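Down below is the structure, laid out as structure tokens.
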Amino acid sequence: MSSNRVYHQAMPFYKVIEQMNSDMFSKFNPEILLVLVSRLMSTLVGKEVMLTNGQFGTIIMINPYNPLKVLLKTSTEIIDLRMEKEWQIKRIIG
């Protein structure tokens, strides 16, 4: 889902995770998926990401109750994605 293929373009990071979340109770075991998403997001602490609004920031904390709504540090501010409902992680930079 996150890689370019002959039959489809790579999906942005947040779309992959959203798709997994929406399929949680139909295609996946929710207990396993919750652990997978939490651990995946935990590995991103300290990584730079690009948001859907074009801003860049570094993940400084993962929300244990909603792992996709992280706390980010940009060059000028701290952004809590729990408060910014329309913004999401689009891409992991490094």
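At position 32 of the sequence shown the residue is numbered 829 (the numbering used here), and the sequence of numbers has no breaks.
Idealized CB from N, CA, C, for every residue including glycine.
Source: prediction; values computed, not measured.
Could you tell me how far apart the beta carbons of residue i and residue j are, in whole angstroms, since I believe they sit closer than 8 Å?
| i | j | result |
| --- | --- | --- |
| Val834 | Pro864 | 5 Å |
| Val832 | Ile889 | That pair is no contact at about 20 Å. |
For a quick check, are the C-beta atoms of residue i and residue j less than 8 Å apart?
| i | j | result |
| --- | --- | --- |
| Thr849 | Tyr804 | no |
| Lys887 | Arg879 | no |
| Thr871 | Gly854 | yes |
| Ser823 | Val813 | no |
| Leu830 | Met838 | no |
Residue i lies in the alpha helix (DSSP H); which residues open and close that run?
| i | result |
| --- | --- |
| Ile814 | 810-819 |
Using 10 angstroms around the beta-carbon of residue i, count the other beta-carbons present and answer buried if the total reaches 16, otherwise exposed.
| i | result |
| --- | --- |
| Asn858 | Position check: residue 858 holds Met in this sequence, whereas Asn was assumed. Label assigned to Met858: exposed. |
| Ile876 | buried |
| Gln904 | Nothing can be reported for residue 904: it is not among the residues displayed for the chain, which extend from 798 to 891. |
Please list the terminal residues of the continuous beta strand (DSSP E) segment that includes residue i.
| i | result |
| --- | --- |
| Ile876 | 875-877 |
| Glu855 | First, the amino acid is wrong: residue 855 is Thr here, not Glu. Residues 853-858. |
| Ile889 | 886-889 |
| Leu869 | 868-870 |
Relative to the ligand NAD, is the shortest distance from any of its heavy atoms to the C-beta of residue i smaller than 7 Å?
| i | result |
| --- | --- |
| Leu878 | In terms of ligand content, the structure shown is empty, and the ligand NAD therefore cannot be addressed. |
Go through the stretch 816-848 residue by residue and report every complete run of the alpha helix (DSSP H) that reaches 4 residues or more, in order. 827-839
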